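Chains A and B are the protein sequences, given in the same order.
The opening position of the first sequence corresponds to residue 287 in my numbering, with each subsequent residue numbered one higher.
The opening position of the second sequence corresponds to residue 69 in my numbering, with each subsequent residue numbered one higher.
Read the structure below first, then the notes.
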Amino acid sequence: MSALADDALPAARLPRLLAGLRLDRAVSLDEHLARLGPLPRVDLVAAVEASGLRGRGGGGFPTGAKLRAVAARRSRPVVVANATEAEPVCAKDEVLLRHVPHLVLDGAVAAAAALGAREAIVVVGADAADAHAEVARAIEARAQRRLEPEVSLRLAVAPPSFVAGEETALVSFLSGRAAKPTFKPPLPFERGVGGGPTLVQNAETLAHVALISRFGPDWFRAIGTADDPGSALLTVSGAIRRPGVYEIALGTRLVDLLAEAGGVTATPQAFLLGGYFGTWVDAARAQRLELSAEALRPVGASLGAGAVVVLPASACGLTETARIARWLAHESAGQCGPCVHGLAAVAGALDRLAACDGKDMRPQLARWLRQIEGRGACRHPDGSVRLVASALDVFEREVRQHLRGSCTGNVR
Amino acid sequence: MKTLRVNPIACDGHGLCAELLPERITLDEWGYPIVDPEPIPGSLELHAKRAVAACPTLALVLARAARGAVAR
């Protein structure tokens, strides 16, 4: 434990969230408190606002503004820690819950205390059995210690669907209805779980909140960029030597992240940044890119939910995108016509292009992508459109080659 | 100023709105309305109200221009 005490006040260096992490088991409550001490009483809303923290669940919305919006409501709020993480290429929230569950619980409790909420609900995905077990144990340990008698921590399991993690879908599910997105307004901060104002935050975001409450906004801003401060967890997969979850200072170059992950296993062709709602970026363009909101904006990308997928030169980006588009179409909540029919049509057109059937589906695809965007109750269609549009751009040569009947990739 | 909005969950694509307000509403190839987000001028307000009233699923709403979103 003395080794842990050495980094008790983490300086302007990494790791932050993953400090004190052990691979064999979760950090216990004793170890956690020995390293970081109890949660201090601070003006959390002001501290988080000053920190510039942005949500790490995909939207990138300023966390302080969300806290402020809930704090301004008159009735008693509820806090929800969203760790559903249904994206197949993301594993960061699961890693946090499996290894440092108390950091996430601290963030949820700190937010609840600051807002006067009596209940904080941690929602994990249906297939995250290990994370579920660790969180259950961590909640039990805190209850036995009577660490925060004013806040009741509860654990819930989301149904196994991608859209269940969307915040209005979570609110609906936690209120006893279907885990499907609802029409907005109202947003959760206006009317959420059980009708009360609800703060829904991604698990990683809350882990940052736990550290900001202890070390303050200036400490948080000591790394990262001015516009996108702090550190972030990225899940690196694909043609990479050591796939896994890495903590970087925002603004770190992609090449440096790849080096930290052991380097690529094949010449990269493109990178999928941000996950299934993300953007393909050509490898030549991507390598020097800095991983921050402002550096990625000009190339139309963002870190989204923190996924980086390395596509090797030997693979077909079009085939890969067709597969993802089919999955996304399948994961539609099935509520909104443009999403149900539009995503199915897009997936079908990509299948035809990927299969080299000779029909040029590009005009239809362009029209559908234009039409679908913004016409769902949630952003499922928008995220899907973004991914496919970037694929048609980045893999344009591949598309033309397919129209001539051949595919660069090792088609299975 | 008021704008037209569709609740896409409630909408079943009956298409009456596009017939009553073709100036602002077209249908996509699956029959679901694509609504012009621009504010409805006074000259069209009556037609817009008629389209709203005609929707069998009450999916079309005429509301004051959207507030700035506080959270996504």
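Ideal placement from N, C-alpha and C gives every residue a C-beta, glycine not left out.
Source: prediction; values computed, not measured.
Discussion item. Three or more C-beta pairs under 8 Å: does that hold for the region 333-344 of chain A against the region 487-497 of chain A?
Written reply: yes
Item to complete: Using a cut-off of 7 Å between C-beta atoms, extract the partners of R327 of chain A located in chain B.
Response: In chain order: nothing, as chain B lies at least about 26 Å away.
Worksheet item: For chain A, is any of its Cβ atoms less than 8 Å away from the one on P124 of chain B?
Response: no
Worksheet item: What residues match up with V486 of chain A in a beta bridge as DSSP calls it?
Response: A:V366
Discussion item. In the DSSP output, which residue or residues are listed as bridge partners for R340 of chain A?
Written reply: A:P348
Item to complete: Report yes or no: is there a C-beta of chain B within less than 8 Å of the C-beta of Q555 of chain A?
Response: no
Worksheet item: L543 of chain A and G592 of chain A: beta carbons closer than 8 Å?
Response: no
Item to complete: Kindly indicate the opening and closing residues of the beta strand (DSSP E) around V409 of chain A.
Response: 405-410
Worksheet item: Does the region 626-633 of chain A come close enough to the region 372-386 of chain A that 3 or more CB-CB pairs lie under 8 Å?
Response: no
Item to complete: Measure the beta-carbon distance from F469 of chain A to R359 of chain A and round it to whole angstroms, keeping in mind my assumption that it falls under 8 Å.
Response: Contact flag wrong, Cβ pair sits at about 20 Å.
Item to complete: Identify whether F501 of chain A lies in helix, strand or coil by the three-state DSSP scheme.
Response: helix
Worksheet item: Considering only residues of the region 501-585 of chain A, which uninterrupted beta strand (DSSP E) runs meet the minimum length of 3 residues and lie entirely inside it, listed in chain order?
Response: Those beta strand (DSSP E) runs which fall completely within the region 501-585 of chain A and span 3+ residues are 517-524, 530-535, 554-559, 565-568.
Discussion item. Just verifying my parser: in three-state terms, what is the DSSP assignment at R73 of chain B?
Written reply: strand
Worksheet item: Do the region 594-607 of chain A and the region 651-664 of chain A touch if we need at least three Cβ pairs shorter than 8 Å?
Response: No: the two stretches stay apart, fewer than three of their Cβ pairs being nearer than 8 Å.
Worksheet item: Is the beta carbon of V365 of chain A sitting closer than 8 Å to the one on Y562 of chain A?
Response: No, Cβ-Cβ distance for V365 of chain A and Y562 of chain A is not below 8 Å.
Worksheet item: What are the boundary residues of the alpha helix (DSSP H) that includes P667 of chain A?
Response: 666-680
Item to complete: Return the chain-ordered list of same chain residues with a C-beta closer than 7 Å to the C-beta of A291 of chain A, the five sequence neighbours on each side being excluded.
Response: Note on A291 of chain A: pLDDT 43, under 50, position unreliable in the model; no value is reported.
Practice prompt. Give a yes or no on whether 8 Å exceeds the smallest Cβ distance from F469 of chain A to chain B.
Written response: yes
Fill in: Helix, strand or coil at A640 of chain A according to DSSP, with G and I counted as helix
helix
Worksheet item: Are V449 of chain A and C664 of chain A close, meaning C-beta to C-beta below 8 Å?
Response: yes
Practice prompt. Ignore the nearest five residues each way along the sequence and tell me which others in D513 of chain A's own chain have a CB closer than 8 Å to its CB.
Written response: G338, S578, A579, E580
Worksheet item: Between the region 428-442 of chain A and the region 394-413 of chain A, do at least 3 Cβ pairs fall closer than 8 Å?
Response: yes
Item to complete: Output the boundary residues of the alpha helix (DSSP H) element that contains R428 of chain A.
Response: 415-431
Worksheet entry | Contacting positions in the region 424-445 of chain A - beta carbon closer than 9 Å to chain B | none
Worksheet item: Is it buried or exposed for D413 of chain A, if we count other Cβ within 10 angstroms and need 16 for buried?
Response: exposed
Worksheet item: For V375 of chain A, which three-state DSSP category applies?
Response: Three-state result, V375 of chain A: coil.
Worksheet item: Can you tell which of A:C602, A:G603, A:G537, A:T551 has its C-alpha closest to the C-alpha of R574 of chain A?
Response: A:G537
Worksheet item: When you compare only the Cα positions, how much space is there between G348 of chain A and A652 of chain A?
Response: As written in the sequence, residue 348 of chain A is Pro, which differs from the Gly given in the question. Near 32 Å, if we compare the C-alpha coordinates of A652 of chain A and P348 of chain A.
Practice prompt. Compute the beta-carbon to beta-carbon distance between L441 of chain A and A422 of chain A, rounded to the nearest angstrom, for a pair I have assumed lies under 8 Å.
Written response: Between A422 of chain A and L441 of chain A the Cβ distance is about 6 Å, and since that is below 8 Å, they are a contact.
Item to complete: Could you check which residue in B:G81, B:R92, B:E97, B:H82 has the C-alpha nearest to that of L72 of chain B?
Response: Checking every option, the nearest Cα to that of L72 of chain B belongs to B:R92.
Worksheet entry | Contacting residues, own chain, Cβ-Cβ under 6 Å from A535 of chain A (five flanking each side not counted) | I509, G510, S517
Worksheet item: Taking 7 Å as the cut-off, is the CB of A535 of chain A close to at least one heavy atom of the ligand MG?
Response: What this structure holds is no ligand at all, so the ligand MG is not there to describe.
Fill in: Integer-rounded CB distance, given that T565 of chain A should sit under 8 Å from R527 of chain A
Not quite, the Cβ-Cβ distance comes to about 24 Å (not below 8 Å), so this is no contact.
Worksheet item: Alpha carbon to alpha carbon, what distance is there between A587 of chain A and E576 of chain A?
Response: 11 Å
Practice prompt. Would you mind working out which of A:V479, A:P445, A:A367, A:D679 sits nearest L558 of chain A, comparing C-alpha positions?
Written response: A:D679
Worksheet item: Near C693 of chain A, what residues of its chain come up, given a Cβ to Cβ distance below 8 Å and the 5 sequence neighbours on each side ignored?
Response: C602, L604, T605, A640, C642, E684, Q687
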